[in-house]
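Protein chains in written order, with the working numbering: chain A, 275 to 531; chain B, 275 to 531; chain C, 275 to 531; chain D, 275 to 531. A short write-up of the structure that comes next.
There are 4 protein chains.
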Amino acid sequence: MISKFEVKPIKVGHRTIGGNAPVIIAGPCSVESAEQIMEIAIQAKHMGVNFLRGGIFKPRTSPHDFQGLGLEGLDFMVNAGKHTGLAIVTELMDAKHLDLFVDKVDVIQIGSRNMYNYALLKAVGETKKPILLKRGFSATIREWIMAAEHIAKSGNDNIIFCERGIRTFEDYTRNTLDLTAVPIIQKETGLPIIVDPSHGTGIRELVGIMSEASIACGANGLMIEAHTNPELSISDKAQTVDMLELSEIVKKIEKYK
Amino acid sequence: MISKFEVKPIKVGHRTIGGNAPVIIAGPCSVESAEQIMEIAIQAKHMGVNFLRGGIFKPRTSPHDFQGLGLEGLDFMVNAGKHTGLAIVTELMDAKHLDLFVDKVDVIQIGSRNMYNYALLKAVGETKKPILLKRGFSATIREWIMAAEHIAKSGNDNIIFCERGIRTFEDYTRNTLDLTAVPIIQKETGLPIIVDPSHGTGIRELVGIMSEASIACGANGLMIEAHTNPELSISDKAQTVDMLELSEIVKKIEKYK
Amino acid sequence: MISKFEVKPIKVGHRTIGGNAPVIIAGPCSVESAEQIMEIAIQAKHMGVNFLRGGIFKPRTSPHDFQGLGLEGLDFMVNAGKHTGLAIVTELMDAKHLDLFVDKVDVIQIGSRNMYNYALLKAVGETKKPILLKRGFSATIREWIMAAEHIAKSGNDNIIFCERGIRTFEDYTRNTLDLTAVPIIQKETGLPIIVDPSHGTGIRELVGIMSEASIACGANGLMIEAHTNPELSISDKAQTVDMLELSEIVKKIEKYK
Amino acid sequence: MISKFEVKPIKVGHRTIGGNAPVIIAGPCSVESAEQIMEIAIQAKHMGVNFLRGGIFKPRTSPHDFQGLGLEGLDFMVNAGKHTGLAIVTELMDAKHLDLFVDKVDVIQIGSRNMYNYALLKAVGETKKPILLKRGFSATIREWIMAAEHIAKSGNDNIIFCERGIRTFEDYTRNTLDLTAVPIIQKETGLPIIVDPSHGTGIRELVGIMSEASIACGANGLMIEAHTNPELSISDKAQTVDMLELSEIVKKIEKYK
């Protein structure tokens, strides 16, 4: 067992989050084209990644920045998932897309900006889909657990937490990765938790190192931003690893299984 | 002029936020009954308050806490507003209620938890209603301005900012009231900003004192939680002032006009 | 009375901090030369400032930055004080200079970096000098009060608190000025508190505005970095006002007396 | 190699911090009696601990709390060190004790409260003793490195950093353990860094788990509060492990060697 405290395994098709081995969710910050996401998916699959991530609706601080490919991008992801057998994970920002997501997506992500969006939490709680619930920028652990409770109260307890760093005074890193939240969430909720060291550090070179620390304290998986050419990434390039680096992280994690 | 930097006056019926005098928005945390909101409205009106606030859909950390009276509560508020001539301000949590709010509410509040909910910001941006945009718990000033930009990009620049304290390590107060944001927002956006010293301090005894400081640094108004019997308030009672205290705050603010 | 809660007046010669009028402590970040401090003192005196501040030992994050003129600078300050009748305030960083400070300085400042330096607090507690105790970068109000208790336990309760902003995620301002601390300190300790809007904001243009807010919530005084030519200031120039701006701040504060 | 980036090994007698194996520094928060520290030292030695920690001068928020046994406590530690062969680590709060510490202590600790106490940093920089430099409560990584630079500029570069958690809004844990600082410090300074998961979490049950994460991201050692009977510990009992728990942590760390 990876977890330091027992957790409920969450089934995603034939895969399990919260089981005996940590899962790896990888992919680009944004889906940029059919070719881009297919190529990343194929390479990721070969190295042992289980889940493909990619943003199609991007919550951006500025409304003038790239907002994602939208529903066309979703189809690109679905194709890449079908072709490779990877399960797909993407963020839902607006309840009006929920039906479409329920049909096409394997795990629905609720992003940090929407952790307190109780209308959206209620909406996804009315489905049976696995929900990946990212921690709000400055959410206390208790508030984060209560956000999950908003989902569960509507009938869906297929919830996976995702620690992605919190906001502090420190400015060397993009966020302060709060790894102590990993065992606390497992103990308090009995649900799995994964870690996103890409947003948690904001620094490509530290992603692999903090991945190891995450698994060592019991994380049930990792979510990593990866791209065939990080420098060409439309968003988050400073924290995006290339496919070679991703394969090395996957190998390092093997030893913790 | 109250503002330290020039701002665009926002018209709300015959009233103005961002004009020559600070506005006072007061009322209970939650609308609890037709009688409660009517009584508060009548007393508030007599002492010179201009706007009536009250929550009908309450975003609560726990889904097991009181969630507000909902649409019935809205009708209670509308009646109290009509009877007294007070403009009404209440929080919109879910875009599905937007049409109703546009018809019935004078100022639509976006709460701290939804400051990053870009789908909701876009939706209210497609109306012409004045929007009261509260600062997120740990939103930087730049992110807050960008949230307003999400609204404005959809066509609505009738935006009033509301400083309500940020999350820090300090635990004597509920939040840390960041009054320096007042002149910064005015300077950077040319839009009005009001202050909510109730959430900003969390302590009834400090609400009046920090109201004075808010106006002294140029705030275009105040939003204050007030109740005829704070101890019976369903929510936020520790920070809710009684009607006598409210009238004293209104008087103190007079001298800054 | 300026204070919102009653405080013990602290006598400094014939002046009083915590009395009926707010005090103004002004001067350069660093004492740079005999001429510089004398010129600033003369101008400050004419506009109604009561206390002259200036750093002679400068606590600098980098040991390679200017560390202050040291004891020679102290003599320049003492001369400027004698010539103008201004009381002098300067920071003590090292207990080995204490005897000298007791002889020559009117108010001994303990800087933010040393708020938890209990050996130094004990040392100044063994004198009868008025102590200006700045808040630590991330000190809770309770810890700050306890730091004063370390001084008082050694026998000296001539303590003036100084709020100078705390460290948060916000990066528009140098620090987040926590003005709510003003009435809290007065209520909890019965001692006076002043505000340093220069460090509290880090932005010259905001110093005057936040000075008004400070006095409006009851601060017993202000500490302001001022220089005859801020652009030539060796340190803290972005937050240092010129003498004209200082005189305007002094005038604005008059109306609160 | 444990470190993710190459570091300078620091010699402490025949031991090395920053070498091929992580070091374990363990012992009580406070030295309470000759018997207590001797018993802990003997047990710690048997399980493979290398360094004995214990506070003799305790920096306490309140001056009315237990302040440590003082110099008598130092002799108790020295005896326990001699008897067991453990190197001893204790905190210096006041430069007036420096000569004594240089004679009797193997590693001099600078506590979080004194990280910005430049007079003290300069004083220990004038010795050749290894210095354990704890991170300030809200020190940025850059400021922490600059504090080390204050020591090094005086001639002593035998510096070991110690991450012990930073102050944030989160209140489930005593502090937020910032493990990402571990590889950053190694990369930026080329010096070793250890982690204190006792203060970093404040929760006994999490100390072992976060010890594993610390070593997994390259920490050169651990500093752990341990006591033969944590419930009788004078200070920090909630975060102090018993000797059995300590031995299990030591064993878990073995696998990372």
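Where is the CB? At the ideal position from N, CA and C, for every residue including glycine. Keep in mind that this is a model prediction, so the values were computed, not measured.
Other residues of its chain near residue i: CB distance less than 8 Å, five sequence neighbours each side excluded
i	result
Thr475 of chain D	Gly439, Thr447, Arg448, Asn449, Leu451, Val481, Met484, Gln513
Ile419 of chain A	Ile459, Glu462, Thr463
Asp516 of chain B	Ala500, His501, Thr502, Asn503, Pro504
Lys282 of chain B	Gly292, Asp431, Gly464, Leu465, Pro466
Given residue i as reference, the closest of the options once Cα atoms are compared
i	options	result
Phe443 of chain C	B:Val456, B:Cys436, B:Asp470, B:Gly410	B:Gly410
Leu360 of chain D	D:Leu345, D:His320, D:Tyr392, D:Thr335	D:His320
Glu479 of chain B	B:Leu395, B:Pro333, B:Ile523	B:Ile523
Glu437 of chain A	A:Ser386, A:Ile316, A:Ile425	A:Ser386
Asn494 of chain C	C:Leu520, C:Ala354, C:Ile434, C:His501	C:Ile434
Ala421 of chain D	C:Thr502, C:Pro333, C:Ile498, C:Gly293	C:Pro333
Glu423 of chain C	C:Leu453, C:Lys403, C:Arg441, C:Tyr392	C:Tyr392
Glu313 of chain C	C:Leu366, C:Lys526, C:Leu407, C:Ala354	C:Ala354
Glu519 of chain D	D:Thr454, D:Pro337, D:Gly301	D:Gly301
Ile311 of chain C	C:Phe331, C:Leu348, C:Val297, C:Ser336	C:Leu348
Lys278 of chain D	D:Gly492, D:Lys525, D:Glu365, D:Ile508	D:Gly492
Met367 of chain C	C:Phe350, C:Gln341, C:Phe331	C:Phe331
DSSP-derived helix/strand/coil call for residue i
i	result
Leu407 of chain D	strand
Ile419 of chain A	helix
Arg289 of chain B	strand
Ala361 of chain D	strand
Gly429 of chain B	coil
Thr463 of chain C	helix
Val381 of chain D	strand
Ser304 of chain A	strand
Below-8 Å beta-carbon distance, residue i vs any chain B residue
i	result
Thr514 of chain C	no
Phe409 of chain D	The sequence given here has Arg at residue 409 of chain D, not Phe. For Arg409 of chain D, the answer is no, since every Cβ of chain B falls outside 8 Å of its Cβ.
Thr442 of chain D	yes
Ile291 of chain C	no
Ala315 of chain C	no
Residue environment, residue i, which counts as buried when at least 16 other CB atoms sit within 10 Å
i	result
Glu280 of chain D	exposed
Glu259 of chain A	Lying before the first or after the last residue shown, residue 259 of chain A is absent from chain A, which here runs from 275 to 531.
Asn294 of chain D	exposed
Ser488 of chain B	buried
Ser304 of chain B	buried
Asp510 of chain C	buried
Glu528 of chain A	exposed
Leu374 of chain B	exposed
His357 of chain D	exposed
Gly344 of chain B	exposed
His338 of chain C	exposed
Ser307 of chain A	exposed
Gly329 of chain C	buried
Glu365 of chain D	buried
Chain A within 8 Å of residue i, Cβ atoms only
i	result
Phe423 of chain B	This sequence places Glu at residue 423 of chain B; Phe is not what is there. Chain A contact via Cβ: present.
Arg416 of chain D	yes
Ile467 of chain D	no
Below-8 Å beta-carbon distance, residue i vs any chain C residue
i	result
Thr335 of chain D	yes
Ser226 of chain D	It is not possible to answer for residue 226 of chain D, since the shown part of chain D is limited to 275 through 531.
Asp470 of chain D	no
Residues near residue i in its chain [Cβ-Cβ closer than 6 Å; skip 5 each side]
i	result
Ala369 of chain B	Leu394, Ala397
Ala413 of chain D	Met389
Own chain residues within Cβ distance below 7 Å of residue i, not counting five before or after
i	result
Gly429 of chain D	Gly399, Glu400
Met497 of chain C	Ile299, Arg327, Cys436, Ile468, Asp470
Val376 of chain C	Thr401, Lys403
Gly287 of chain B	Ala361, Asp380
Glu486 of chain D	Lys526
Ile316 of chain B	Thr358
Beta carbon proximity, residue i to chain D, threshold 8 Å
i	result
Asn391 of chain C	yes
Lys278 of chain A	yes
Asn449 of chain C	no
Proximal chain F residues relative to residue i, where beta-carbon distance stays under 9 Å
i	result
Lys427 of chain B	Absent here is chain F; the protein component of the structure consists of chains A, B, C and D.
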